[in-house]
Structure formats: structure tokens, C-alpha cells
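K.L.:
Mind looking over this structure? Questions follow.
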Amino acid sequence: MPLVKNGQIVADEFAAVADDAELPAAGSVLISAARFLADPDSLAARNSPLGVIWPNNRDVAELKPWLDRLALIALVFPTYKDGRAHSQARRLREIYGYRGELRATGQVLRDQFTFLVRNGFDALDVRKEADAHAFGEATHRYTEFYQPTGDGHRSALQLRRQRHLTSAS
Amino acid sequence: MYAYDDIDRAIVHERVDEFRDQVRRRLSGELTEDEFKPLRLMNGVYLQLHAYMFRVAIPYGTLSSDQLRKLAHVARTYDRGYGHFTTRQNIQFNWIALKDLPDALADLAEVGIHAMQTSGNCTRNVTADQWAGVAPGEIEDPRVWAEILRQHTALHPEFSFLPRKFKFAITASDHDRAAIKIHDIGLKLVRNDAGDTGFEVLVGGGLGRSPFIGRTIKPFVAGRDILSYIEAILRVYNQYGRRDNIYKARIKILVHELGIEKFAAEVEQAWSEIADGPLTLDDEMIEDIRSRFVYPAYEELPAEPDELRAAAGDARFEAWRANSVAPHRQDGYAIVTLSLKPAGGAPGDATAEQMDAVADLADKYSFGEIRVGHEQNLVLPHVARRDLPALWAALDGLGLATPNVGLVSDIIACPGLDYCSLANARSIPIAQELSRRFANPDTAALIGRLHINISGCINACGHHHVGHIGILGVEKNGEEFYQITIGGRADEGAELGVLIGPAVPYGDVADVIEDIVEAYLSLRQRPDELFVDAVKRLGVEPFKERVYATR
């Protein structure tokens with residue numbers, strides 16, 4: 302599945318490693334939450350970039366102690382109708398200040414791209430090739446937003462407030 | 042009325058473009074039906090028994106005359122010349138072609154109407170008291186807050202894929218006309234001891250197969266905090282609401298399984314992470330929304346004008362006035378309810394011609410404004426009392442002056458098996474039969490206020506649990522049967538009705554309801570003891586006896 306990162310189709314530098322497989326000595330790896338939580342401190346101290354696949358039914362607050370040492374957190378959309386990872390993403394980005402790669406995996410389709418980006422995902426493991434190529438079109442469809450999120454867009458209320466204050470001064 | 046600005050217009054138009062693209066991809070096969078389904082639902086498009094159904098939002102029930110004319114246009118151009126007003130302050134069109142939907146949405150967008158999130162597992166149309174802003178005794182106009190909520194919940198990036206649908210209702214009156222206790226979140230505007238405006242927040246109400254009355258989760262949340270507090274509730278629900286079983290996925294089940302105290306503690310925890318953040322409202326933000334609600338320039342008018350005195354001799358006018366005309370916060374004006382419940386009619390249906398005519402009457406008599414209530418009637422919210430006789434005469438000519446508002450034939454009914462793919466039994470023909478049986482205005486006046494609610498299946502779109510008399514269609518061995526409950530109510534004293542006994546066959550329903558009503562007439566203490574109060578006092582037994590003694 303094509304990986305779109307920061308708007309570009311890129312090669313995935315992370316190698317997914319199964320729980321029962323040995324970790325390579327070097328190179329970026331992506332491991333399960335269970336494997337990570339079994340020995341988080343030594344894994345986080347590894348010299349190469351480390352990514353964790355975090356299930357959508359587990360509290361992301363558990364990751365707080367290691368956030369600055371994780372290069373990637375992959376959140377899971379088992380079906381795109383299951384929106385739990387949307388909330389996980391916002392908490393990781395906006396409340397816990399996670400700055401590494403935040404990747405949406407699973408059933409990731411064009412019609413959620415705007416939502417995903419607004420919620421703080423910067424990498425999307427896109428299910429359909431055509432959708433990946435339509436990334437730009439899909440994420441630029443909306444020019445205005447009602448809700449403030451951590452994506453930097455000002456919300457309608459904030460914009461109007463600004464206008465209100467400008468016209469009053 | 043709320044006036045859209047360039048931001049609101051941009052979002053609605055961009056939404057239409059997005060949906061046009063989604064329909065194109067569906068028709069070309071790029072999207073599977075499975076992928077398309079949640080997308081079309083979030084644009085109000087259902088696949089029903091016979092055709093696609095298109096559900097359009099009427100946020101907090103407020104329409105301008107131009108908007109109503111545009112709804113008439115959609116009915117005429119893309120459908121079969123009528124629409125159906127629902128219990129959710131929506132209008133539904135039943136016979137629309139998928140290929141026409143983007144055009145219909147684009148036409149509606151011209152007047153600031155959309156179908157965003159009228160279905161799907163997302164935050165739904167925000168409903169409110171249909172008398173908001175005109176009812177005497179309100180804290181303030183709750184529609185300002187409903188609009189803030191509408192905006193915040195429209196295309197919300199985090200909450201567009203919730204475990205299940207999510208419904209808000211809001212009121213600012215002690216008498217609850219918005220049924221806030223049967224919503225996922227109910228909001229009541231209140232003022233605290235310091236004189237600050239805020240909300241009592243209720244959570245976990247809902248009907249369907251597991252009905253619950255909402256509980257107060259917090260008695261006071263300041264206005265500036267309402268978005269962050271609601272965000273916290275939704276975030277807890279998104280994370281912990283059940284996704285393994287759609288029948289247990291609503292927030293009411295989560296609240297019930299955790300208990301309100303534990304649920305409230307989870308919400309407090311989630312709120313502590315975001316309170317005082319970017320969702321906090323300030324006076325400028327609130328004022329900006331408030332400033333775009335345009336209110337009529339009322340005149341100083343007498344409360345008892347000559348026109349009204351002159352018409353008082355007309356018994357038909359007086360019968361209509363007695364139940365269709367309500368007090369207004371402005372002296373000399375009245376709130377007028379237009380019954381969409383003629384004897385033998387389908388509750389909530391209006392033809393394109395009626396919609397156009399009501400729009401014209403609204404321009405002439407109600408400052409161009411119309412409301413839609415959850416009882417499936419229309420309202421003209423600002424009628425000068427001197428104009429009441431003329432308005433009545435016009436409505437009478439349109440078939441919109443049936444003098445039955447709030448009475449036994451003002452029946453709430455879902456579309457039932459005639460339209461709906463979920464239904465097990467018919468609703469509309471039962472409503473039609475009952476409305477014929479109770480068509481005599483004198484009998485209806487004798488009975489007094491009595492709400493009958495009919496649902497064709499357990500999903501309870503007709504709110505049968507909270508009908509004074511609730512009728513629920515079920516299917517047994519391929520035949521339609523109906524369970525009867527009594528004693529439900531959806532107002533500030535909301536309660537769920539109690540089943541009176543075994544379900545009765547289709548052909549017996551109207552007789553059974555008549556028996557119940559007759560029992561009430563013989564059992565009530567005084568003529569002004571409402572049916573629902575008599576049930577409360579007596580319990581179901583005497584009614585049950587009356588119904589089943591001879592069956």
C-alpha cells in the first residue's frame with residue numbers, strides 16, 4: 302500500500318518486525334505495542350528509529366514516558382468506520398505534544414484524508430493507489446473549518462473573532 | 042434567523058462539491074457500496090424500501106421563507122411533489138434518484154440549507170425548542186448556542202466515525218418542548234447564582250430497543266466552556282462506546298453500564314486535558330454568532346385587537362385559536378402552529394404547493410420565518426394577533442388549519458413499513474385511522490391534551506416510548522401486531538410508557554385506543570386532569586382491564 306507522508310508518496314523506511322522475529326541490529330523498525338511494552342526502556346534506547354503500532358482500544362496516555370524517543374506511532378483503522386484512532390491522534394499531538402511521525406494504517410481512504418490530516422496524522426498508509434495520487438485534491442477541497450485542531454488552521458469562530466476585533470479597532 | 046457568512050457558505054458549497062465527486066466515483070464503480078454507504082449517509086442519503094431517501098437538516102427547526110420555497114422546489118423538481126417533516130427537525134424526500142442528489146444539494150446550498158450529518162454514525166442535526174427565541178420566559182434564545190453547536194459538530198474531524206449516531210437537543214424554557222431527556226446530550230440553558238449563563242448538561246437519553254431517560258451529568262457548565270465539555274463527552278464516548286454490537290453502541294449504554302458517576306469522572310478527566318484550551322469561547326465569538334441572528338422589528342400592538350374581537354363569534358376560528366395559538370414574548374404577537382395532521386392524512390407530510398403557500402404566509406404574517414417542531418408540525422413564530430383571523434382563513438383554505446394541535450389526532454408517526462426498510466409494521470395507516478376516529482373537534486376538546494406516538498419498529502423514530510399512548514409495530518408470523526404503552530412523556534417530566542399487555546393485531550389498534558381513551562374519560566378526577574396524569578395516578582391496571590376484559 303502506498304505511503305503518503307507530508308503530502309508526497311514515499312518509500313516506507315520502517316520495516317515491520319513480527320513479535321516472534323529477531324530485531325535487526327540497525328535500521329528503522331516498527332513493532333507491536335505488546336512487544337514494546339514488554340521492554341520499553343531498552344527498546345527506546347536503541348540507536349535506530351523505533352516505531353510502535355498502537356491498537357485503537359488502548360489508552361495512548363500509556364505511551365507518555367517514551368514519546369520523545371519514538372520515531373513513529375502507527376494508529377489503526379480496522380475499518381474506516383471505526384474512529385477511535387482519530388481521538389488517539391489528537392491526544393497524542395495536541396495534549397501530549399508528540400512530534401514524531403503519526404501514521405494512519407488499515408482502511409485509510411481518500412474520503413477521510415482531510416479528517417486525518419486535521420487530527421495530526423502526517424503519514425497515511427493508503428489502501429488504494431488512486432487515492433494516494435489524489436491526496437492533494439482530497440486535502441485541499443475544504444478552505445474553511447469550523448473546529449480548531451492542532452493543524453494550524455484557524456477555526457471559523459477564531460477567524461470571525463479576529464474580524465470582529467479588527468473592525469472594532 | 043441566522044444569516045450565513047462567507048465561511049458558512051464556503052463550507053456548504055465545498056461539501057456539495059465533495060459529495061458530487063463521491064457520487065461520481067460511486068456511479069463509476071471506484072467506490073464500492075460498502076465504502077459509499079457511510080459517505081452518503083453523512084449527506085442524508087438512505088437506501089430505502091423503494092428508492093433513495095434524502096434527509097435534509099433544518100437546524101434547530103428554523104427556516105426562512107426562501108428556504109422553504111427551495112424545499113418545495115426540490116420536492117417538485119427531483120421528487121414527487123411532497124416532503125415529510127420528521128421528529129428530528131428534518132425534511133425527507135422519498136423518491137429521489139442518486140444522480141440528482143448533487144444538484145438537489147447544490148440548489149439547497151444557494152439558500153444555506155444542507156444535509157450534512159442527517160444520518161450516519163456522527164453528530165446529527167442539532168434540534169431545539171421550535172418556539173426558541175419567541176416563547177415567554179426563556180433565559181435567552183437557545184438557537185445562538187444551537188448554531189454554535191451546529192458549526193462545531195459539522196464535519197468534525199474527530200467525531201465523524203463514532204460508534205453510533207449522536208443527537209443533541211437544546212432548550213431555554215422550563216417547559217421542555219425539545220425533548221432533551223431523550224437525547225444523547227440534552228442541554229438546558231440556566232443561570233447560576235452569580236447570574237452567569239450556562240447549561241445543565243444531560244447525557245445518555247435515547248429511545249430505540251433500550252430506552253433511557255437522560256441523566257444530569259453536570260448541573261452547570263458555563264457558556265464559555267460548553268464546547269470543551271461536550272468535546273470531552275464525545276471523546277470518552279468515541280474511545281469507550283461499544284463497537285462490537287450496534288444495539289449496544291449508543292452512549293446511553295455506556296452511561297448505563299458504567300453508571301453516571303463513573304462516566305462523569307471519565308468525562309472530567311478528559312475535560313481536564315482540554316478545558317481552557319482553543320475550544321474556550323469568549324464574548325466576541327459568542328457575540329459574533331448572536332449578531333447574525335436577525336430579529337423582527339416588532340410593532341407596539343394591542344393584545345386584544347378589534348380583528349380578534351370581531352372573529353370571536355366564529356366557532357371554527359375559536360376552535361383553531363384555542364389550540365394553535367400560543368403566547369409570545371412580545372405583546373400583541375402570537376406563536377401559531379400549523380397542523381400537518383389533517384384527518385386521514387400522513388402526519389408531517391406537506392405538498393410543494395403547501396410549502397410555497399406557507400412561505401408566502403410567513404412573508405406576509407411572520408417576518409418571513411417558519412419553524413419545524415419535533416411533533417411534525419410547522420410554526421409561524423411572529424404573528425401579530427390582529428392578523429390571526431386572516432391567517433386562519435388562509436390556512437383553512439390550504440388544509441393547514443386542522444384544529445387539533447396537542448390533541449388526540451395530532452399524532453407523531455414514523456414512515457413505517459410504507460417507506461422504511463427497517464420497519465416491521467405500518468405506522469401511517471394507523472395514524473390515518475386514528476385521526477379519522479378522533480376527527481370530531483368537540484370530542485377531541487373533551488379529551489384534552491393527549492399525545493399518541495406510533496413507531497413501525499423498535500428503532501422508535503415515532504418516539505412511541507414517550508407518547509402518552511405509544512404504539513409500537515412488531516411482526517409475528519408475518520403479521521403486524523402492535524404493543525401499546527401508556528404514561529410516557531417527552532417533556533421536562535419525561536418518562537417511558539408502560540406496556541399494558543399483549544400486542545394486538547393491526548385491525549384492533551384503533552378500537553383499543555378508543556377503549557383506553559374512554560376509560561380515561563370515565564376515570565379522570567377532573568376535566569383538566571390530563572390523560573398522562575391520570576395514568577400516573579392510577580397505574581396501567583384500570584386501562585389494561587378495559588382493553589383486555591373483552592378481548
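First to last, the protein sequences are chains C and W. 302 is the number of the first residue of the first sequence in our numbering; add one for each residue after it. 42 is the number of the first residue of the second sequence in our numbering; add one for each residue after it. Each residue gets a CB set at the ideal place from its N, CA and C atoms; glycine is no exception. Values in this document were obtained by computation on a predicted structure and should not be read as measured data.
(1) Do the segment 160 to 175 of chain W and the segment 413 to 421 of chain W touch if we need at least three Cβ pairs shorter than 8 angstroms?
(2) Drop a sphere of 10 angstroms on the beta-carbon of G102 (chain W), count the other beta-carbons inside from all chains shown, and report buried for 16 or more, exposed for fewer.
(3) For A457 (chain C), which residues from the same chain have a beta carbon less than 8 angstroms from its beta carbon, with the 5 sequence-adjacent residues on both sides left out?
(4) Would I180 (chain W) pass as a contact of L230 (chain W) if the rule is Cβ separation under 8 angstroms?
(5) Anything in chain C within Cβ reach of Q158 (chain W), meaning under 8 angstroms, just list it in chain order.
(6) For E363 (chain C), return the contacting residues in chain W, with the cut-off set at a CB-CB distance below 7 angstroms.
(7) Looking only at its chain, what residues have a beta carbon closer than 7 angstroms to the beta carbon of I315 (chain W), apart from the 5 residues adjacent to it on each side?
(8) List, in chain order, every chain W residue whose beta-carbon is nearer than 9 angstroms to that of N420 (chain C).
(9) Identify the continuous beta strand (DSSP E) that holds I310 (chain C) and give its terminal residues.
(10) With 7 angstroms as the limit, tell me which residues of the segment 439 to 470 of chain C have their beta carbon closer than that to any beta carbon of chain W; keep them in chain order.
(11) If contacts are defined as beta-carbon pairs under 8 angstroms, then K259 (chain W) and V242 (chain W) qualify, I think. What distance do you get, rounded to the angstrom?
(12) Would you please verify whether the beta carbon of F436 (chain C) is less than 8 angstroms from any beta carbon of chain W?
(13) Which residues bound the alpha helix (DSSP H) around P183 (chain W)?
(14) Looking at the strands, I want to know which residues DSSP matches up with N131 (chain W).
(15) Since H492 (chain W) is in the alpha helix (DSSP H), which residue starts that stretch and which ends it?
(16) Does any C-beta atom of chain W lie closer than 8 angstroms to the C-beta of L425 (chain C)?
(17) Using a Cβ-Cβ cut-off of 7 angstroms (strictly less than) and excluding sequence neighbours within five positions of G438 (chain W), which residues of its own chain qualify?
(18) Using a Cβ distance threshold of 8 angstroms, determine whether the segment 392 to 405 of chain C contacts the segment 363 to 382 of chain C, with at least three qualifying pairs required.
(19) If the cut is a Cβ gap below 7 angstroms, which residues of chain W does S388 (chain C) touch?
(20) Once DSSP output is grouped into helix, strand and coil, what is the label at E445 (chain C)?
(21) With a threshold of 8 angstroms on Cβ separation, who are the neighbours of G328 (chain C) within its own chain once the five nearest residues in sequence on each side are excluded?
(22) CA-CA distance, Y119 (chain W) and V399 (chain W)?
(23) First and last residue of the alpha helix (DSSP H) that includes K577 (chain W)?
(24) In this structure, what does DSSP give as the bridge partners for F207 (chain W)?
(25) From what residue to what residue does the alpha helix (DSSP H) around L379 (chain W) run?
(26) Under 7 angstroms between beta-carbons, which chain W residues line up against R385 (chain C)? List them in chain order, please.
(27) Determine which residues of the segment 192 to 223 of chain W have a Cβ less than 9 angstroms from any Cβ of chain C, and write them out in chain order.
(28) Consult DSSP for P546 (chain W) and reduce its assignment to one of helix, strand or coil.
(29) Along chain W, which residues have their Cβ under 9 angstroms away from the Cβ of F337 (chain C)?
(30) In chain order, what are the residue ranges of uninterrupted alpha helix (DSSP H) at least 4 long that sit wholly in the segment 297 to 364 of chain W?
(31) DSSP three-state label for F337 (chain C), please.
(32) Can you tell me which of the three DSSP states R530 (chain W) falls into?
(33) At a CB distance below 8 angstroms, what residues from the segment 125 to 159 of chain W approach chain C? Give them in sequence order.
(34) Just checking: is the beta-carbon of P430 (chain W) within a distance shorter than 8 angstroms of some beta-carbon in chain C?
(35) Where does G386 (chain W) land, buried or exposed, given buried means 16+ other C-beta within 10 angstroms?
(36) Check distances from the C-beta atoms of the segment 47 to 58 of chain W to those of chain C and list, in chain order, the residues that come in under 7 angstroms.
P.N.:
So, from the listed chains and residues:
(1) Result yes; three or more Cβ-Cβ pairs closer than 8 angstroms.
(2) Under a 10 Å Cβ-count criterion, G102 (chain W) is classified as buried, with 16 or more other Cβ atoms of the shown protein chains found around its own Cβ.
(3) Shown here for A457 (chain C): same chain residues with a beta carbon closer than 8 angstroms to its own, the five before and five after excluded, namely E445, F446, Y447 in chain order.
(4) Yes.
(5) Within 8 angstroms Cβ-Cβ: nothing; Q158 (chain W) doesn't reach chain C, min ~12 angstroms.
(6) Those within 7 angstroms of E363 (chain C) in chain W number zero; the least Cβ separation is about 13 angstroms.
(7) So the list reads S269, E272, A273, once near-sequence residues are dropped.
(8) By Cβ distance, chain W contributes P198, E199.
(9) It spans 309 to 311 - the beta strand (DSSP E) in which I310 (chain C) sits, taken as one unbroken run.
(10) Here the close residues are R442, Y443, T444, E445, Y447, Q448, P449, T450, A457, L458, L460, R461, R462, H465, L466.
(11) The distance from the Cβ of K259 (chain W) to that of V242 (chain W) is about 5 angstroms, consistent with a contact at the 8 angstroms cut-off.
(12) Output row for F436 (chain C): interface = no.
(13) First-last of the alpha helix (DSSP H) with P183 (chain W): 183 to 194.
(14) Under DSSP, N131 (chain W) shares a beta bridge with W:A98.
(15) H492 (chain W) -> no alpha helix (DSSP H), and no H or E assigned at all.
(16) Residue contact with chain W for L425 (chain C): absent (no Cβ-Cβ distance below 8 angstroms to any residue of chain W).
(17) Taken in chain order, the list of residues that qualify is empty.
(18) Judged by pairs of C-beta atoms under 8 angstroms, the segment 392 to 405 of chain C touches the segment 363 to 382 of chain C, as three or more such pairs exist.
(19) In chain order: E199, R276, N279, Q280.
(20) If DSSP states are grouped into helix, strand and coil, E445 (chain C) belongs with coil.
(21) Excluding residues up to 5 positions away in sequence, A316, S349 lie with their Cβ nearer than 8 angstroms to the Cβ of G328 (chain C) in the same chain.
(22) Near 20 angstroms, if we compare the C-alpha coordinates of V399 (chain W) and Y119 (chain W).
(23) It spans 572 to 579 - the alpha helix (DSSP H) in which K577 (chain W) sits, taken as one unbroken run.
(24) Answer is W:T164.
(25) Judged by DSSP secondary structure, L379 (chain W) falls outside any alpha helix (DSSP H) and instead within the beta strand (DSSP E) spanning 374 to 379.
(26) Residues of chain W whose Cβ lies closer than 7 angstroms to the Cβ of R385 (chain C) are, in chain order, N279, Q280.
(27) Residues are counted here when their Cβ sits less than 9 angstroms from a Cβ of chain C; for the segment 192 to 223 of chain W these are Q192, H193, T194, A195, L196, H197, P198, E199, F200, S201, F202, L203, P204, given in chain order.
(28) Here P546 (chain W) sits in strand by DSSP.
(29) Ordered by position in chain W, no residue passes the 9 angstroms Cβ test against F337 (chain C), which lies about 20 angstroms from the chain.
(30) Within the segment 297 to 364 of chain W, the complete alpha helix (DSSP H) runs of at least 4 residues are 301 to 315, 324 to 332, 347 to 352.
(31) It is helical.
(32) If DSSP states are grouped into helix, strand and coil, R530 (chain W) belongs with the strands.
(33) Residues: none.
(34) Taking 8 angstroms as the CB threshold, P430 (chain W) stays off the interface with chain C.
(35) The residue is buried, with at least 16 neighbouring Cβ atoms inside 10 Å.
(36) For the segment 47 to 58 of chain W, the residues whose beta carbon sits under 7 angstroms from a beta carbon of chain C are, in order, I48, A51, I52, E55, D58.
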